[in-house]
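Just add 1465 to the spot in the sequence shown (first one is 1) and you have our numbering.
Below is one structure, written out as C-alpha cells, with a few remarks after it.
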Amino acid sequence: MSELDDAKADWRDKRLDRIESLLDSGAAKVNRNTDMVAEYERRNADLIAENERKHAASLAKTKALIAENERNHAIARAKTEALIAENKIIIAESKETVAKMLEEMKWIPLKSGLWTVGIMISAIVCAAALPDAINLVMGFFGGK
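The following block contains the structure:
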C-alpha cells in the first residue's frame, strides 16, 4: 500500500500545487485589477479636474462675451436714439422748408405772368425800333 499511498500523496501534492498556482494566479489578477482600478480612478479624477477647469474658463469667456454684447447693444441703442432725434429735427426743418416753398409757390404764377408780360413788351419795343435801328446801322456804313 505504500506505492498506492505514495501515488495518492503525489497526486494530492500535484493537485495542491495546481490549486496553489491557481490561487496565486487569481491573487495576481486581483492585484492587477486593483492597480488598474486605482489608475482609472486617478485618470478619471484628472479628467474631471481638467473638465472643470475648461468649463470654468468657458463660462468666464461666455460671461465676458455676454457683457461685451450688452455694452455694444447699449452703444448701438444710444446711437440709434441719437439718429432718431436727429432725423426728427431734420423732418421738422424739412416741413418748415416745404411750407415756405408752398407759400412762395403761390406767387409763381403772378411772377411768371409778369415776366411774360415784360418779355412781350420788350419784344414789341424791339420790333417797333427795329426799322429805325436798321436805318441807323445802314447809315453808319454808308448805306441808304
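Ideal Cβ placement from N, Cα and C applies to all residues, glycine included.
In this text the structure is predicted, and so the values were computed from the model without any measurement.
Straight-line Cα distance separating residue j from residue i
i	j	result
Y1505	T1527	32 Å
T1562	T1545	25 Å
E1569	T1581	18 Å
K1479	N1509	44 Å
A1594	K1571	36 Å
K1560	A1547	20 Å
A1514	R1497	25 Å
V1495	R1477	26 Å
A1525	L1512	20 Å
N1600	A1592	14 Å
H1520	I1531	16 Å
N1552	A1564	18 Å
I1484	D1475	14 Å
Same chain, Cβ closer than 7 Å to residue i, five either side skipped, listed in chain order
i	result
N1537	none
beta-carbon residue i near the ligand GDP non-hydrogen atom, thresh 8 Å
i	result
K1544	Questions concerning the ligand GDP fall outside what the structure shown contains, since it holds no ligand whatsoever.
Q: Would you mind listing the alpha helix (DSSP H) stretches within the stretch 1525-1582 that are 4+ residues and don't spill past its ends, in chain order?
A: none
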